[in-house]
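Engineer: This structure is in C-alpha cells; I'll ask about it shortly.
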Amino acid sequence: MRDTLRQLVALQQVDDELAGVEAEVSGLPGLRQAADADRAKAEETLAAARTRVEEVELARREQESELASTEERRKDREGKTAVVKTNEEYTALLAEIDGLKQSEGDLETAILEAMERVDEAREALSAAEDKAREVGARVDVLRKRLDAREQELTGEQARLTVARDEAAAKLPPDLLRTYQKVVERRRPGVAVVSTELCSGCRVGIPPQAFVNLISGKTIEVCGSCRRILIHKAMLSGEAVPVSAE
Ligand SMILES: [Zn+2]
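The numbering of the sequence shown is the working numbering, which starts it at 866 and goes up by one.
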C-alpha cells in the first residue's frame, strides 16, 4: 500500500507539473497578442503624428502663398496710386491698400503660429518614431523569447506526458479512475494529511476513515472535496502513529 500511495503522489506531482506547463502554453497566444497590440498602437500613433506634420505643413504653405499673393496685389494697387484720375479712386485705392496691409499682418502672425505648430508636430513625430522603434525592438525580443519558451514547454510537455503515462500505468486501475475523477474537478487530487483534517478543504476526517488511513489498508477519499487522502507517514519511512499497519 505504501508503494501504491507513493506512486499516486508521484503521479500527482507529474500531473500538476504538466498542468502548469499546459497552462503556460495556453497563455502564450494572449502574450503574443498583447505584444502585437502594443506594437500596433505605437505604429498607429506614429502614423497619426506623420499625418499631423503633413497637415500643419500644408496649412503653413497655404498661408505663405496667400501672403505672397496679398503682397503682390498690394504692390499692384500701390503702383496704381500714381495713375488714378480722381480723388475717389485714390481714396478707394488707399483703403484697399490699408486692408491688404492688415491682411498681410494677420497672415504673418498666422504663419508664425503655424511654424510653431509645425515644430510641435515634428517634435511629436520624432518622439513617436523613437517610441515605435523602442516598442518594436521590445516586441521583437519578447516574441523571440516567447517562441523559445514555447519550444522549451513543448519539450517539457512531451517529457511529462511520457512520465505521466508511466506513473499512471503503475497504479491499480480503480485508484487511477478515482484520482482522474477528482482532478477533473480540482487540483491537487491528493490531500496528504497529518491530522484528522483534510489538507485540501479543511473539513474534518471521520475517526473511522482516519483509522483506515493510518492503517493503510483502504483508500479513503475526503467526504467533502473527494480528494484521495493519504497520511504523510505512509509516504515517508517513519512509523505510522498507531500500530495498525
Ligand atoms: Zn477535503
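All C-beta atoms, glycine included, are put in the ideal place defined by N, C-alpha and C.
Here's a check: name, in chain order, each residue in its chain whose Cβ is nearer than 7 angstroms to the Cβ of Glu1110, leaving out the five neighbours to either side.
Structural biologist: In this prediction, Glu1110 has a pLDDT of 39, which is less than 50 and means its spatial position is unreliable; nothing more can be read from the coordinates.
Engineer: Cα separation between Val874 and Arg1014?
Structural biologist: So the alpha carbons of these two residues sit roughly 28 angstroms apart.
Engineer: Taking three-plus beta-carbon pairs below 8 angstroms as touching, is the region 871 to 887 in contact with the region 992 to 1003?
Structural biologist: The region 871 to 887, when compared against the region 992 to 1003, does not touch it at the 8 angstroms Cβ threshold.
Engineer: At the level of alpha carbons, what is the spacing between Glu903 and Arg1003?
Structural biologist: Sequence check: residue 903 is Asp here, not Glu. Rounded to the nearest angstrom, the two C-alpha atoms are 10 angstroms apart.
Engineer: Taking one C-beta from the region 1066 to 1076 and one from the region 1085 to 1095 each time, how about it: are there three or more such pairs within less than 8 angstroms?
Structural biologist: Short answer: they touch.
Engineer: Excluding five sequence neighbours on each side, which residues of the same chain lie with their C-beta closer than 8 angstroms to the C-beta of Val890?
Structural biologist: Cβ neighbours of Val890 beyond the five flanking positions: Glu1015, Leu1018, Thr1019 and Gln1022.
Engineer: For Glu1085, write down the residues that DSSP places opposite it in a beta bridge.
Structural biologist: Looking at the DSSP assignment, Glu1085 forms a beta bridge with Leu1094.
Engineer: Taking contact to mean 3 or more Cβ pairs, one atom from each stretch, closer than 8 angstroms, check whether the region 910 to 924 and the region 983 to 991 are in contact.
Structural biologist: Contact holds: three or more Cβ-Cβ distances are below 8 angstroms.
Engineer: Between Arg1042 and Met1099, what straight-line distance do the alpha-carbon atoms span, to the nearest angstrom?
Structural biologist: Their Cα atoms are separated by approximately 21 angstroms.
Engineer: Please look up how many angstroms separate the CB atoms of Leu972 and Glu931, rounded, as I've assumed it's under 8 angstroms.
Structural biologist: Contact flag correct, Cβ pair sits at about 6 angstroms.
Engineer: Leaving out five residues before and five after Arg867 in sequence, what residues of the same chain have Cβ atoms less than 6 angstroms from its Cβ?
Structural biologist: Around Arg867: Met1099.
Engineer: What number of angstroms, rounded off, separates the C-alpha of Asp881 from the C-alpha of Val1058?
Structural biologist: Taking the straight line from one Cα to the other gives about 18 angstroms.
Engineer: Any heavy atom of ligand 1 closer than 7 angstroms to the CB of Ala1056?
Structural biologist: Within the cutoff, so yes.
Engineer: In this structure, how does DSSP classify Leu1062 when only helix, strand and coil are distinguished?
Structural biologist: Strand, per DSSP.
Engineer: Say yes only if the C-beta of Gly1065 is nearer than 7 angstroms to one or more non-hydrogen atoms of ligand 1, and no if none qualify.
Structural biologist: Gly1065 Cβ: within cutoff of ligand 1.
Engineer: Could you check how far apart the C-beta atoms of Leu1040 and Ile1084 are, in whole angstroms? I think they sit under 8 angstroms.
Structural biologist: The pair is a contact, with the Cβ atoms about 6 angstroms apart (cut-off 8 angstroms).
Engineer: Could you give the C-beta distance for Thr935 and Glu908, rounded to a whole number, given that I count them as a contact under 8 angstroms?
Structural biologist: Not a contact, Cβ separation roughly 41 angstroms.
Engineer: Just to check, is the beta-carbon of Val1047 closer than 7 angstroms to a non-hydrogen atom of ligand 2?
Structural biologist: This structure does not include ligand 2; its bound ligands are ligand 1.
Engineer: Any idea if Leu990 is buried or exposed, counting beta-carbon neighbours within 10 angstroms, 16 or more meaning buried?
Structural biologist: With 16 or more other Cβ atoms within 10 Å, it is buried.
Engineer: If distances are taken between C-alpha atoms only, which option among Ala1056, His1096 and Ser1064 comes closest to Phe1075?
Structural biologist: Comparing Cα-Cα distances from Phe1075 to each of Ala1056, His1096 and Ser1064, the minimum goes to His1096.
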